[in-house]
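Structure first, then comments.
Residue numbers (full-length UniProt numbering): 1 to 599.
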């Protein structure tokens, strides 16, 4: 009934320069052992996302799927919101609530395959003049042998109409701001990436194994979405490294805005499982984080939902394991395992964010080091919800150490709010010291120093930089407020000295024309900023994590986000007033908040 339809009140925020994405699953977002609802997520989880300074929420398992444990990847109804978590109007409330907080919302969309169910799925439906013409390929080509699912025939016009209209439906009806395309590698190639190890040879990308029909579909999809919503954010999950995947369709690319940097978590897991701390390669870490196509943007992450599923563990649990059950109380001294775990959890996530890409992603709960793993209720675990929930009380209890990892996560995101280093094209790695286990690099206007050595402190460590002047601490993982030991002096000024012969880079220090000296404690990362001659008051925005609690830090004031109910829709020089305070998405319009600073 019309009276029960949800009316959107808040225009979507403008697209950020760099997305900081909070990946979430609504059903497992509550603390109780049950399926959580859209409204519970909106009221209880979204404020946490905002408080941690993320600017984008990525929602999994939104489309209807019969098997809960599939994580939403075996879709049965492409045009229905998952009924487990509420009604379509409840989902609209969630999206609108996110927009009111200044958060954009992406959907994890599955167009790479579909559930093989015949009763409640697409399997068996005819789309042509005979029973042989369906949504899926015939014969073996129509089945994914590892996923037990059906594969779309992208050459069929009705399939294209179905999938393209599906994208528009979710953008128009639910006001989603973009999508994360799942399983793009499976779509790109006829072999679906099964048992493939991509070497980077262009024959692997542009040979007979490429599914041209699927590529054309993705080009059409990206072209359509960016026409409907020019500020849409479209992310591709591809492990192959396909060239031009993230170049515009006008340039001959596939049209995605970002790809996921999927090699990064694999590197961290390998080190944590198979190497002692002193065996970690600084050049190996730096290479993994920077090994990307620099004309195509990517989203970096240390761990997502993939790293937490049953059979694996969250990164925090890999680091601290069973000691997380007994050693996280702040009322007792930290054991060596807990001290190491918290320190490396902060360092791994921060260097991944700062050096790994053009955006950042974190899975729900990992910002505070959620323990254990994810296991959906199934016959094998006696249908238990115990590992299919988020224990928010761990970070809310003040005497537990989870709060330190959460505070550092807030600080990382606020640092990007202040300095916009994620969107900067300036990225220079100047030092990869294998003996001392130190990595030094510049990103944007900041200088980052990571000391991965387990026990060595370096006093007077020389750090190369681009610009001369005075540098101060912007963010320090060893600060007491982040569960560190407070060994770095935040009120110290670090003055540069010129290096080498001006204009002759090979005579510089680590190819940098200037340098300054610092104290670098073990398992600590510090970001430094250059003090301008005429200091200006920092712009508003972001959580206050410097200043009062940690003298010598930049003072960033926390500000609220205004509710925008009287927004305007703009397209070029056209302006269309929404009049009654409601918001609708049209094909030619991009909605913006009246608060122009609300990104």
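C-beta: ideal position from N, C-alpha, C; glycine also.
- Of the residues 54, 446, 397 and 28, the one whose Cα lies closest to the Cα of residue 70 is 28.
- As computed with DSSP, residue 26 is found in no beta bridge at all.
- Partner residues in the beta bridge of residue 179, as assigned by DSSP, are 107 and 234.
- Rounded to whole angstroms, the gap between the alpha carbons of residue 391 and residue 372 is 11 Å.
- By the neighbour-count criterion, in which a residue is buried when 16 or more other Cβ atoms sit within 10 angstroms of its Cβ, residue 471 is buried.
- Distances from the alpha-carbon of residue 265 to those of 380, 398, 54 and 313 put 313 closest.
- Rounded to whole angstroms, the gap between the alpha carbons of residue 511 and residue 494 is 19 Å.
- Note on geometry: alpha-carbon atoms of residue 363 and residue 443 lie some 24 Å from one another.
- Residue 482 is a Cβ neighbour of residue 408, given a cutoff of 8 Å.
- The region 287-294 and the region 330-339 do not touch, with fewer than 3 CB-CB distances between them shorter than 8 Å.
- In the structure shown, the three-state DSSP call for residue 43 is helix.
- Under the DSSP assignment, residue 434 falls outside any beta strand (DSSP E); it carries neither an H nor an E label.
- Between residue 269 and residue 361 the beta-carbon gap is near 16 Å, outside 8 Å, which marks them as no contact.
- Using a Cβ distance threshold of 8 Å, residue 230 and residue 104 do not count as a contacting pair.
- Around the Cβ of residue 303, a 10 Å sphere holds 16 or more other Cβ atoms; the residue is buried.
- By the neighbour-count criterion, in which 16 or more other beta carbons inside 10 Å mark a residue as buried, residue 207 falls on the exposed side.
- Excluding its 5 nearest sequence neighbours in each direction, residue 386 has C-beta neighbours in its own chain below 7 Å: 33, listed in chain order.
- Contact between the region 516-531 and the region 477-492 is established, with three or more Cβ pairs separated by less than 8 Å.
- In this model, residue 356 and residue 301 are separated by some 8 Å (Cα to Cα).
- Fully enclosed alpha helix (DSSP H) runs of no fewer than 4 residues occupy 336-355 of the region 333-366, in order along the chain.
- Each of 45, 245 and 61 was checked against the Cα of residue 365, and the nearest Cα belongs to 45.
- Unbroken beta strand (DSSP E) runs of no fewer than 3 residues, entirely contained in the region 215-266, are found at 233-236 and 258-260, following chain order.
- Annotated as distal: residue 328 and residue 271, with beta-carbon spacing of 8 Å or more.
- Exposure of residue 460 is indicated by the presence of fewer than 16 other C-beta atoms within 10 angstroms of its C-beta.
- Between residue 320 and residue 307, the CB-CB gap reaches or exceeds 8 Å.
- Beta-bridge annotation (DSSP): residue 464 is paired with 515.
- Close CB contacts of residue 253 within its chain, under the 6 Å cut and outside five residues either way in sequence, are with 244 and 247 (chain order).
- Note that the C-beta distance between residue 477 and residue 350 is below 8 Å.
- Taking a C-beta distance under 8 Å as the contact criterion, residue 182 and residue 108 qualify as a contact pair.
- Residue 238 sits close to residue 259, with the two beta carbons spaced by under 8 Å.
- The region 155-170 makes no contact with the region 184-194; the number of CB pairs closer than 8 Å stays below 3.
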